[in-house]
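Enquirer:
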Amino acid sequence: MNCETCGATLSLEDMTRPNCPYCQNVLKHHARAAEHAALVNKVLSDRIGAQYPGMPPGQMPQIGYGFGAPMNPGFQQFQEQQFQGAMKRAGWITAVSILVPIVLLLAIGGGMVLWMLVSR
Ligand SMILES: [Zn+2]
């Protein structure tokens, strides 16, 4: 394949990079892939946004809040699975957010004790 901007012959390795190594322009197939990803993300976030009005885009939920009627039993089940997964994650995050400061405090405390013993 040749670069569509400067016509340079591109090796397979060159084509895995987003930019042409010769003219530094973004390669067309990478630009298209990026466009596709952006489009898919936009469609997804639009659909989720319609499902959960009032949600800030950065915090698209993984859990169902029971807005409106469920689309179908499968979707209901999907929501429940998502909800349970989210609850598990939330439990994890809570445990970590409690444990991490304790561990840090212990490490700092232990370090200070050690420092005091060594520097004496
Ligand atoms: Zn080029």
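Counting along the sequence shown from 1, when you hit position 120 you're at 125 in the numbering used here, and nothing is skipped either side. The beta-carbon is built from N, C-alpha and C at its ideal position, and this holds for glycine as well.
Using 8 Å for Cβ pairs, my map puts K33 next to E9. What's the rounded Cβ distance?
Expert: 5 Å
Enquirer: Please indicate yes or no: does the CB of A57 lie closer than 7 Å to some heavy atom of ligand 1?
Expert: A small correction: the amino acid at residue 57 is Tyr; Ala does not occupy that position in the sequence shown. No, since every heavy atom of ligand 1 falls outside the 7 Å radius drawn around the Cβ of Y57.
Enquirer: For N30, verify whether its CB is less than 7 Å away from any heavy atom of ligand 1.
Expert: yes
Enquirer: Output needed for T14: all residues of its chain with C-beta closer than 6 Å, excluding positions within five of it in sequence on either side, in chain order.
Expert: N7
Enquirer: Under three-state DSSP, which class holds A13?
Expert: Correct three-state label for A13: coil.
Enquirer: Look at the Cβ atom of H35, then the Cβ atom of P23, and state whether they are nearer than 8 Å.
Expert: yes
Enquirer: Use the C-beta contact count for M92: other C-beta atoms within 10 angstroms, 16 or more gives buried, fewer gives exposed.
Expert: Its Cβ having fewer than 16 others within 10 Å, M92 is exposed.
Enquirer: Mapping DSSP to helix, strand and coil, what is N46?
Expert: Reduced to three states, the DSSP call for N46 is helix.
Enquirer: Measuring only the C-alpha atoms, how far is L119 from I98?
Expert: 31 Å
Enquirer: Could you check whether the Cβ of T10 sits closer than 7 Å to any heavy atom belonging to ligand 2?
Expert: Inclusion of ligand 2 in the displayed structure is not the case, the ligand content consisting of ligand 1 alone.
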